[in-house]
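Visitor:
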Amino acid sequence: MIGVNDLDASINGDTNFTTQLFEEKYRGLLKKTKEVLPLVLLVLCEPFILPVGKVKEKLEIYEAAIK
12 MIGVNDLDAS INGDTNFTTQ LFEEKYRGLL KKTKEVLPLV LLVLCEPFIL PVGKVKEKLE
72 IYEAAIK
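Each residue of the sequence shown is one higher than the one before, counting from 12 in this note's numbering.
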């Protein structure tokens, strides 16, 4: 669930955090992990999004940001 709260704030205009920055930071974290632990096996899972309330109104934006 890394960055999901920041992503939510960005989609709702509450911060300067962007989906592009989310992707950069997430990919950077994965890269650093592989550099330090080259034999590690990473399991990446799509964050769960419950389509209710404000999320339901902007579901396409949320889904696009985490893919």
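For glycine and all other residues, C-beta sits at the position ideal for the given N, C-alpha and C.
1. Going by DSSP in three states, T29 sits in which element: helix, strand or coil?
2. Just curious, the alpha helix (DSSP H) that K65 is in, first and last residue?
3. Helix, strand or coil: how does DSSP classify V51 here?
4. Suppose you measure from the CA of M12 to the CA of I22; what does that come to, to the nearest Å?
5. Any idea what DSSP makes of M12, helix, strand or coil?
6. Going along the chain, which residues of its own chain have a beta-carbon closer than 6 Å to the beta-carbon of D19, five neighbours each way excluded?
Guide: For this structure:
1. DSSP, reduced to helix, strand and coil, places T29 outside both helices and strands of the structure shown, so it counts as coil.
2. Secondary structure note for K65: its alpha helix (DSSP H) is the uninterrupted segment G64 to E68.
3. In the structure shown, V51 adopts coil according to DSSP, grouped into three states.
4. For M12, the predicted model reports a pLDDT of 46, less than 50, meaning its position is unreliable and no value from the coordinates is stated.
5. With a pLDDT of only 46 at M12, under the threshold of 50, the placement of this residue in the model should not be trusted; the figure read from the coordinates follows. In this structure, M12 counts as coil in the three-state DSSP scheme.
6. Nothing meets the Cβ criterion.
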